[in-house]
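Take a look at the structure below.
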Amino acid sequence: MRYLPPRLEKPDPRFEANAGCVLLTHDPDAETLALALHLLRHAAENHDALAQSVVGWCHLFGHHLPLDPVLGAHFLR
């Protein structure tokens, strides 16, 4: 699956959150998983509520995911 970023210099956090969620739901390989988590982390840092929630839940239940535990716990709602 390919990710095509918007043509703006700074992507909208909602777009990044939605793209990250879509990538997570399609049985991602390692590269796609890394991209999805990057998009979700970036959107969460830009205060997107969906991304913050997903990153928080991934922190709780995705022990195999490469997430920073402090950042993941910060986004738990």
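So for the sequence shown, the numbering used here puts the first residue at 114; every next one is plus one. Quick reminder that beta carbons are idealized off the backbone N, C-alpha and C, glycines included. Because the structure is a prediction, the values reported are computed rather than measured.
- Taking all protein chains shown into account, PHE188 has 16 or more neighbouring C-beta atoms within 10 Å of its C-beta and is therefore buried.
- Considering only HIS172, CYS171, ALA164, the residue with the shortest C-alpha distance to ASN131 is ALA164.
- Excluding sequence positions up to five before and after ASN159, its CB lies within less than 7 Å of the CB of PRO126, all in the same chain and listed in chain order.
- DSSP, reduced to helix, strand and coil, places HIS151 within a helical segment of the structure shown.
- In this structure ALA186 is exposed. Its beta-carbon is surrounded by fewer than 16 other beta-carbon atoms within 10 angstroms.
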